[in-house]
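Participant: The listed protein sequences derive, respectively, from chains C and D.
Here my numbering = 1-based position in the first sequence + 78.
Here my numbering = 1-based position in the second sequence + 78.
Here it is: the structure, laid out below.
Protein chains: 2
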Amino acid sequence: MHPPGLIFCSHPVCYDRLGIGKRFMQAYHTLERRFARISRLDGALGILGWDKETTMPPGAAAERGEQIATLSVIRHELLCDAGTDALLHEAEADPGALGPWQAANLREMRRAHLHATAVPADLVEAASRAATACEVAWRQARADSDFPALLPHLEQVLATQRAIGAAKGDALGLSPYDALLDQYDPGLRQSVIDPVFASLRDGLPALLAEVVAHQAGLTSLPMPGPFPVDAQRRLGERLMQAVGFDRSRGRLDVSTHPFCGGANADVRITTRYDEADFSGALMGVLHETGHALYEQNRPADWLSQPVGQARGMTLHESQSLLIEMQACRSDAFLRFLAPLLRCAFGDHPAFAVANLRAHYRRVRPGLIRVDADEVTYPAHVLVRYEIERSLFAGNLSLRDLPGAFNDGMRALLGIDVPDDRRGCLQDIHWPAGLWGYFPTYTLGAMTAAQLFRSACDALPDLEDGLSRGDFAPLVGWLAENVHRRGSATSTAELLADATGTPLNASIYQAHLRRRYLGDAAG
Amino acid sequence: MHPPGLIFCSHPVCYDRLGIGKRFMQAYHTLERRFARISRLDGALGILGWDKETTMPPGAAAERGEQIATLSVIRHELLCDAGTDALLHEAEADPGALGPWQAANLREMRRAHLHATAVPADLVEAASRAATACEVAWRQARADSDFPALLPHLEQVLATQRAIGAAKGDALGLSPYDALLDQYDPGLRQSVIDPVFASLRDGLPALLAEVVAHQAGLTSLPMPGPFPVDAQRRLGERLMQAVGFDRSRGRLDVSTHPFCGGANADVRITTRYDEADFSGALMGVLHETGHALYEQNRPADWLSQPVGQARGMTLHESQSLLIEMQACRSDAFLRFLAPLLRCAFGDHPAFAVANLRAHYRRVRPGLIRVDADEVTYPAHVLVRYEIERSLFAGNLSLRDLPGAFNDGMRALLGIDVPDDRRGCLQDIHWPAGLWGYFPTYTLGAMTAAQLFRSACDALPDLEDGLSRGDFAPLVGWLAENVHRRGSATSTAELLADATGTPLNASIYQAHLRRRYLGDAAG
């Protein structure tokens, strides 16, 4: 990014064309300054949001809400105002005047502007109000396992999400559902998801049955506790450092719901500690560290521009799962981890590598998505994705949601849902208006497997390095092939460039077979 | 404050006059919403500033600077734009339509607008650039005790401060120096300061000589250490609570330079701990708690409006010094403190009340202002104020500053300044462009004494309460007579209302005589 005061950048292409492209370039550079200002508001919002979850005294909640709303409205006004549209038109008139990153940046500016302006203000407000009311109703309905109490609120949310999908679809030339998907993962389309999810779904029940049979009779020693919070924190920091988190540009703190937030040069991850079980915080820190690496390694020259942002939720989730699931549950990493656990919590046979392997790889169909293991997690997402599509398209009535949910769980995981609290009421996404979000979890897991496979193929010593806690080759490969590409390409293009093939369910399935069935051919 | 969406407020006066005053009221309420937005930007800036000093990783400094600059520019634009001026004119056209708080609020809005718009943008920039360069030069010049190296930079700062004073003076109808004073303490004028400082100055050398003679031969046991940080923190929190700090709307944290910051419902104070000496952190926490009480007790209905702000630096400093110096170095409070020190740090004869009294009341002329005791501190300020006036008026050349400073120190404190590092180079204020700021320190100390005297007169049990750690009567009196008045009146009016008399040096002198010479007649 160029300093705000600079009118002309130093890219050779700009100087070459200064005579003929000057007006377009001026418009482009004015846009860069405007989007840098938006990025600084985003950074301020990131710090205020972090503070709200980690530090803020309780009595400040209402005022913090007003501060966040004020900055968000100012941000929205900057992005949407007529001046931005006029500048975009002017800059777009001579795209040849721009270098490739500038052209991609201009495309991302237009994308952000289209998404922000597509929805009329009264619909934004109606959707926000419906989601807020529905979230409140959902907390009570979940506690009471009372789906009928949620139904009228959820109908309002679905109606406003359909209207948003239609409005954004018109602006972007997409189907309404694709327009929602595009909010979370630019370029993601139902036509991309359906075949890979179908392929995943085909093999899932059989694979699950095989793994459960394979693990029958497998026992493991329980982890000895308690695990003092300080020792857990020190271990987490030691592992963050090994993975490559830059402490000079980020922090680890505590919050009720772990997240990765903050600002460009200030990436803040959180965890929560349980003295009875270190595993949640440990794997949580590694997961958030994966997110943080993506943020810390974004292209340095473009940090405050749209093209310098992470590409979307699928790739972001792929980076957290690549670190947590692919790298840090590998045999190699568990060999590195075992002595660190003994050092942190005392010598105990439960910390033997074989026992850690059994502990971290237990597969068991369960009711709750967020507690699911690597093999059963995709089933939870498939059930939700299929229902969400049907609800959105009007092929399924909301009143039939519980039945459809329970049927799906039985078909894919072979378990009966005893009540809606542990069934279709367990997640906040639909009440909160996050329609089109669920698929990114499993697309992220698949992408992680595919990227890790390619990294291992490219770097034969990679897994050996992990056994010594050396993540540098892996993270260097990720930085080059994912992080430093920002939003310069689509997710699909980035994945094809990095792995030589489009998103492919069989690579993920092979990973599961290899890890859970010892199937080397996988 | 009214919610941003509300056009008409519920004050009876508004409804009464709705027919005739409607347009004025609409303009007024539009202004309220605009200033509420400014207040939320101020709150965001307060949290970002707090985070910068307490929490931020070092690598984020440059980006944080950009975030703060961006919010500051947006704030400045909101305050200065032509729409604000037009609305002010419209609302001012029928001042009778407003209730008294609304009228005062409109006056404060105009004041903020005048201060912000008086200085042309290029002068704001030149002053900021001069101060930034001079601060850098000052750090080196102080380290090297090299005044000539600072001189050219300081000349630039003085020139821009003169130009700002002239521009603001034109806009406000004030002399240039009064315009600078008015930035830090609205309504403060040189004509107010000069007689009280003259009166203070007259008695000071003699009083100091008397106190030094009185304390000759006085010995005290040194405080036993070390004092673990955790115990110091718990003691500080215990005292904050006793004084009346509301933890649900504020925090105590650690920073290199202690301050009171944050936002309306989120007042954040900081301290720094020294394991060898608990006194600095302890009295620092009490000092910042005094500032925080002012912030926490501002008028609840007007928190986000100009009239709801604290009145200025003199009153703010008076509140911190009233708690730290007047209340918490009183005999009564030391009786409350002694057992708490034993409880925190173990039983020791040094924690006897008489020894604490000797420890906290040692008077000794010294070179450094921030280390000065209550009796000698005013001398440091008087020296600076007299020099500042002369420099600003052109009666003293900057190159003669070191000599004038050393002469002043000899005249008022009877000590020789061995080098400029410990002389005129010790403070950041002049290099940083804070001209007109120094007098508020001593005006604050005098105001604190005057307010405390009146509170004691009004509440005969007040000092008895302090000996039990009961601050409620004192803080209730302060809330009613100072905090909850916000900026509805001038500092002078507030002080006269609360104490029945204008600012009066003899009350402060009587306090010093009573405390340091045991002179009951005062």
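Note that the Cβ used here is the ideal one computed from N, Cα and C, for glycine as well.
Computed from a predicted model, the values in this text were never measured in an experiment.
If you measure from the beta carbon of residue 308(D) to each beta carbon in chain C, is any gap under 8 angstroms?
Facilitator: no
Participant: Between residue 121(D) and chain C, is any beta-carbon pair separated by less than 8 angstroms?
Facilitator: yes
Participant: Mind checking who residue 421(D) pairs with in its DSSP beta bridge?
Facilitator: Bridge partners of residue 421(D): none, in fact.
Participant: Tell whether a beta-carbon distance below 8 angstroms holds between residue 170(D) and residue 184(D).
Facilitator: yes
Participant: Whose C-beta lies closer than 8 angstroms to the C-beta of residue 334(D) among residues of the same chain, with five residues either side of it excluded?
Facilitator: 131 and 350
Participant: Measure the alpha-carbon distance for residue 581(C) versus residue 180(C) and round it to whole angstroms.
Facilitator: 27 angstroms
Participant: Hey, out of 554(D), 568(D), 135(D) and 163(D), whose CA is closest to residue 342(C)'s CA?
Facilitator: 135(D)
Participant: Which whole-angstrom value is the C-beta distance of residue 353(D) and residue 304(D), which I expect to be below 8 angstroms?
Facilitator: 4 angstroms
Participant: Under 9 angstroms between beta-carbons, which chain D residues line up against residue 343(C)? List them in chain order, please.
Facilitator: 135, 137, 138, 139, 140, 141 and 142
Participant: In the DSSP assignment, what are the bridge partners of residue 158(C)?
Facilitator: DSSP lists no partner for residue 158(C).
Participant: Please report the distance separating the alpha-carbon of residue 398(C) from that of residue 364(C).
Facilitator: 7 angstroms
Participant: For the alpha helix (DSSP H) that residue 66(C) lies in, which residues bound it at each end?
Facilitator: Given that chain C is displayed from residue 79 to residue 600, the structure contains no residue 66(C) and the question cannot be resolved.
Participant: Please list the partners that residue 115(D) has in chain C, where partner means a Cβ-to-Cβ separation under 7 angstroms.
Facilitator: 148
Participant: What in chain C is Cβ-close to residue 126(D), meaning under 7 angstroms?
Facilitator: Using a Cβ-Cβ cut-off of 7 angstroms, residue 126(D) is close to 122 and 125 of chain C, given in chain order.
Participant: In chain C, which residues lie less than 9 angstroms from residue 328(D) when you measure between Cβ atoms?
Facilitator: 135, 137 and 138
Participant: Tell me the DSSP secondary structure of residue 502(C) in three-state form.
Facilitator: DSSP, reduced to helix, strand and coil, places residue 502(C) outside both helices and strands of the structure shown, so it counts as coil.
Participant: Would you mind stating whether residue 384(D) and residue 102(D) have Cβ atoms separated by less than 8 angstroms?
Facilitator: No, the Cβ-Cβ distance between residue 384(D) and residue 102(D) is not below 8 angstroms.
Participant: Can residue 138(C) and residue 327(D) be called in contact, C-beta distance under 8 angstroms?
Facilitator: yes
Participant: Helix, strand or coil, according to DSSP, for residue 346(D) in the structure here?
Facilitator: strand
Participant: With DSSP run on the structure shown, which of helix, strand or coil describes residue 388(C)?
Facilitator: coil
Participant: Which word fits residue 433(C), buried or exposed, when buried means at least 16 other C-beta atoms lie within 10 angstroms of its C-beta?
Facilitator: Residue 433(C) comes out buried.
Participant: Listing by chain order, which chain C residues have their CB less than 7 angstroms from the CB of residue 152(D)?
Facilitator: 152
Participant: For residue 527(C) and residue 577(C), I'd like the C-alpha separation in whole angstroms.
Facilitator: 11 angstroms
Participant: In the DSSP assignment, the alpha helix (DSSP H) including residue 534(D) goes from what residue to what residue?
Facilitator: Counting along the chain, the alpha helix (DSSP H) containing residue 534(D) begins and ends at 517-536.
Participant: Step through the CB atoms of chain C and report whether any lies within less than 8 angstroms of the CB of residue 111(D).
Facilitator: no
Participant: Under 9 angstroms between beta-carbons, which chain D residues line up against residue 376(C)? List them in chain order, please.
Facilitator: Residues of chain D passing the Cβ test: none, with the nearest at roughly 13 angstroms.
Participant: Determine whether the Cβ of residue 379(C) lies closer than 8 angstroms to any Cβ atom of chain D.
Facilitator: No, residue 379(C) does not count as interfacial toward chain D.
Participant: Let me confirm a value: residue 594(C) is counted as buried when at least 16 other C-beta atoms fall within 10 Å, else exposed. Which label applies?
Facilitator: buried
Participant: Would residue 565(D) and residue 265(D) qualify as a contact pair, given that the criterion is a beta-carbon distance under 8 angstroms?
Facilitator: no
Participant: Based on Cα-Cα distance, which residue from 274(D), 479(D) and 394(D) lies nearest to residue 339(D)?
Facilitator: Residue 394(D) holds the alpha-carbon nearest to the alpha-carbon of residue 339(D) among 274(D), 479(D) and 394(D).
Participant: In chain C, what lies closer than 7 angstroms to residue 118(D) by C-beta?
Facilitator: Within chain C, the residues near residue 118(D) are 144, 145 and 148.
Participant: Rounded to a whole number of angstroms, what is the C-alpha to C-alpha distance between residue 286(D) and residue 483(D)?
Facilitator: 19 angstroms
Participant: Could you tell me whether the Cβ of residue 129(C) comes closer than 8 angstroms to any Cβ of chain A?
Facilitator: This model lacks chain A altogether; the protein chains it does include are C and D.
Participant: With a threshold of 7 angstroms on Cβ separation, who are the neighbours of residue 124(C) within its own chain once the five nearest residues in sequence on each side are excluded?
Facilitator: 339, 340 and 341
Participant: Taking the alpha carbon of residue 459(C) as the point to measure from, which residue in 505(C), 423(C) and 424(C) has its own alpha carbon closest?
Facilitator: The residue with the shortest Cα to Cα distance from residue 459(C) is 505(C).
Participant: At the level of alpha carbons, what is the spacing between residue 417(C) and residue 441(C)?
Facilitator: 25 angstroms
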